[in-house]
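Take a look at the structure below.
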Amino acid sequence: MDGFTPEGLLYLVATFLFILGIKRLSKVRTARSGNQLAAIGMLLAIVVTLVSPEGGVDLGWTTVAVGLILGGLVGGVLAKRVEMTGMPELVALFNGFGGLASTFVAVTEFWGRFGNVDIGTPVDAAGDVVLGGSVWAIAIVLSVLIGTVTFTGSLIAMGKLSGKISGNPVILPGRHLITAVLLIGGIVAGVYGTFYCEGNTAVMMVGLLALGAGLFGIISVLPIGGADMPVVVSLLNSYSGLAASMAGFVIGNSLLIVAGALVGAAGLILTMVMCKAMNRSLGNVLIGGFGGDAPAAGGGGADEYTGVKSAGPEEAAMILEAATSVIFIPGYGMAVAQAQHIVKELGEEMEKRGAEVRYAIHPVAGRMPGHMNVLLAESDVPYEQLWELERINGDFKTTDVTVIIGANDVVNPEAIENPQSPIAGMPILNAHESGTVLMIKRSLSAGYAGIKNPLFERDNTYMCFGDGKAFIVDVVNELKEA
Amino acid sequence: MILLLMLFVFMLAIAVGNELISKVPPTLHTPLMSGANAVSGITIVGALMCAQFTDGLPSQVLGVIAIALATINVVGGFMVTDRMLAMFSSKKKKEGK
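Going down the list, the protein sequences come from chains S and L. Heads up, the first sequence is in my numbering, so the first residue is 97 and it goes up one at a time. Heads up, the second sequence is in my numbering, so the first residue is 17 and it goes up one at a time.
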């Protein structure tokens, strides 16, 4: 496989394109071309594999054609149809598929050599030359393990993101014991199967490994609250890369090893960045039990608040009319209400009136990092109006009005004022420092962290109850009439 | 020896990935996650190479599924990333980082 062959060189080119592509993906100006370069690298890798004597001659062409066409159609249609708000779920789903594919690669390779298909036939696999028994076996165990955990974990994450599965932590009694048993049992079965068994028994043992890993994935993600799903998706993204990398060791292909490892590192770094933004450790997130859709025990119900002031669209419009500087803080609620276009319209209306308009983006607002940027970009908000937390946080003091649309925990002053709070130390947008806060929200319910937000009852806060989109439409109409 | 080389390659790739990703502005995190996810669909090459073992019905089915799943990941992943990034680039507004 890794001899000095034309296809080996072309794989090298593909690897280079992946690295270059990811590099360019990290700058706004070059991101799109980076993605295209990576896609070209992938196309190159696929074509080379199809025509190379290693794979090409023996390929079952029907198998390949059916798989490629089916996958291409499904992937293409899903990608074209998805709403911007549904993006996180789709990425989770794609990710799960990638993980499962890696599992299948390892299982198929294993089956091909040790399975019930003509055990006596020496299979002339490329990997045979490169990798001997035990390393090969370990690689199989790892890629089945990681690939399957990625798959089931991603499906649960997708379910939680789309609301099909409760976003609340689901805590099973004795779950740490159960997960430990599943994981260790699975690995033992896998190692036993790959090292000591042949034929059907071996395949069955690997099946047990997959079963254990699959259940482990489900039970590990279930207790994690909806608010932490972005971190989970990001981590699982890292896993799917590692699974591909391990599959590379299984079949002795350095392209898989490199590309998989790149993604593995990428996902892990991104995961760390997200944990840091929430001031939590990765271990703390994974242990779970934190945050859900509904207020957790001791969380904020409407009755806990006193002295809340509310404002209708008319009052809100009057407050905005007098403002010379406005900061918008979007949250997941804006995505749910599909309010990004009308928010932009309101921003433009304010600019027409000579006000300075900016958008403050909290790193973990929404369900994925950058979720808000994507939505606001969709509605053509100029890029230079989007400000990151560190750059804008000092400016709230001098801002007349802050409009919060469907965000909650990311503006909760408890994080800096109450060291006992579960979110103590989490960086927040200092909306409470601005002259007036308009908080557009459906109710006084708690956010994902499930805790009370004292910002609701501050003197300078007006709660604007209602659907984000409908409310802002009314405000814009009021402003235009005035 | 070849195994050792492969482990070297693995380690270096991790190091490179580490460096590349640590410098990404938050704006691009979602597209990056999605793009990186598409790259992890490289397992499609493994799926294609494994298709040579498809001499029994069960493994043939497994092979088709593996190729289809990986293709969904690759095609869908790159397309969805492009859709997201198209929205950024249509602004033609640039800001170094």
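Heads up, the beta-carbon is just placed ideally off N, CA and C, and yes, glycines get one too.
Problem - Any C-beta of chain L under 8 angstroms from that of S:His437 - result: no
Handout entry: Residue from S:Gly282, S:Leu278, S:Val144 with nearest C-alpha to S:Glu103
Key = S:Val144
Exercise for the section: Could you tell me which uninterrupted alpha helix (DSSP H) segments, each at least 4 residues in length, are contained entirely in the region 419-480 of chain S, listed from first to last along the chain? Expected result: 428-433, 436-448, 467-474
Problem - Assigned secondary structure, S:Ala398 (DSSP; H/G/I helix, E/B strand, else coil) - result: Reliability of the predicted coordinates at S:Ala398 is poor, the pLDDT of 47 falling under 50, and the value obtained from them is presented with this limitation in mind. It is helical.
Practice task
Kindly indicate if chain L contains any beta-carbon less than 8 angstroms away from that of S:Ser316.
Solution key: no
Practice task
Would you mind listing the beta strand (DSSP E) stretches within the region 246-331 of chain S that are 3+ residues and don't spill past its ends, in chain order?
Solution key: none
Handout entry: the region 58-65 of chain L in contact with the region 341-351 of chain S per 3-pair CB rule at 8 angstroms
Key = yes
Handout entry: Proximity to S:Leu358 [Cα-Cα], best of S:Leu105, S:Thr101, S:Phe112, S:Leu106
Key = S:Phe112
Handout entry: Three CB pairs or more closer than 8 angstroms across the region 431-444 of chain S and the region 568-575 of chain S
Key = yes
Problem - Cross-chain neighbours of S:Gly168 in chain L, by beta carbon under 7 angstroms - result: Thr87, Val91
Practice task
Give a yes or no on whether 8 angstroms exceeds the smallest Cβ distance from S:Thr244 to chain L.
Solution key: no
Exercise for the section: Could you say if the region 275-284 of chain S and the region 191-205 of chain S meet the contact criterion of at least three C-beta pairs nearer than 8 angstroms? Expected result: no
Practice task
List the residues of chain S that L:Leu44 touches, going by C-beta distances under 7 angstroms, in chain order.
Solution key: Leu121, Ser122, Val124, Ala127, Gly466
Problem - Minimum Cβ-Cβ distance from L:Leu20 to chain S less than 8 angstroms - result: no
Problem - Amino acids of chain S, ordered along the chain, whose beta-carbon sits closer than 8 angstroms to that of L:Phe24 - result: Near L:Phe24 there are no residues of chain S at all, since even the closest Cβ is about 10 angstroms away, more than 8 angstroms.
Practice task
Just the C-alpha distance for S:Ala361 and L:Gly93, rounded to the nearest angstrom, thanks.
Solution key: 18 angstroms
Handout entry: Distance between S:Glu484 and S:Val369 (C-alpha atoms, nearest Å)
Key = 14 angstroms
Practice task
State the beta-bridge partners of S:Ile500 as determined by DSSP.
Solution key: S:Ile425, S:Met535
Handout entry: Simplified DSSP assignment, three categories, for S:Glu179
Key = coil
Exercise for the section: In the DSSP assignment, find the unbroken beta strand (DSSP E) run with S:Leu140 in it and report its ends. Expected result: Element bounds for S:Leu140: not the beta strand (DSSP E) but the alpha helix (DSSP H), 127-147.
Problem - Which of helix, strand or coil DSSP assigns to S:Met522 - result: coil
Exercise for the section: State yes or no: is the beta carbon of S:Phe424 nearer than 8 angstroms to at least one beta carbon in chain L? Expected result: no
Problem - Assigned exposure category for S:Gln516 - 16 Cβ within 10 Å defines buried - result: exposed
Practice task
Write down the C-beta distance between S:Ser330 and S:Thr367 rounded to the nearest angstrom, noting that I regard them as a contact closer than 8 angstroms.
Solution key: 4 angstroms
Problem - Local Cβ density within 10 Å of S:Val470, reported as buried at 16 or more and exposed below that - result: buried
Practice task
Out of S:Ser262, S:Leu305, S:Asn296, S:Gly450, state which residue places its alpha-carbon closest to the alpha-carbon of S:Ile234.
Solution key: S:Leu305
Handout entry: Under 7 angstroms from the C-beta of S:Thr145: neighbouring residues of chain L
Key = Val61, Leu64, Met65
Exercise for the section: Return the CA-CA distance between S:Ala340 and L:Ala102, expressed in angstroms with no decimal places. Expected result: 28 angstroms
Exercise for the section: Would you check if the distance between the CB atom of S:Ser114 and the CB atom of L:Val90 is smaller than 8 angstroms? Expected result: Note that residue 114 of chain S is Phe in the sequence shown, not Ser. No, the pair does not count as a contact, with Cβ atoms beyond the cut-off.
Exercise for the section: For S:Glu484, write down the residues that DSSP places opposite it in a beta bridge. Expected result: S:Ile457
Problem - Nonlocal neighbours in the same chain, by C-beta distance under 6 angstroms from S:Leu332, ignoring five residues either side - result: Asn191, Thr246, Gly249, Ser250
Exercise for the section: Keeping to the same chain, check which residues put their C-beta closer than 6 angstroms to that of S:Ile423; ignore five residues upstream and five downstream. Expected result: Arg454, Ala456, Thr495, Thr498
Practice task
Identify the continuous alpha helix (DSSP H) that holds L:Thr4 and give its terminal residues.
Solution key: Because residue 4 of chain L is not part of the residues shown, which for chain L are 17 to 113, the question remains open.
Practice task
Would you please verify whether the beta carbon of S:Ser421 is less than 8 angstroms from any beta carbon of chain L?
Solution key: no
Problem - Local Cβ density within 10 Å of S:Leu273, reported as buried at 16 or more and exposed below that - result: exposed
Practice task
Using a cut-off of 8 angstroms between C-beta atoms, extract the partners of S:Ala456 located in chain L.
Solution key: Neighbours of S:Ala456 on chain L: none; closest Cβ ~12 angstroms, over 8 angstroms.
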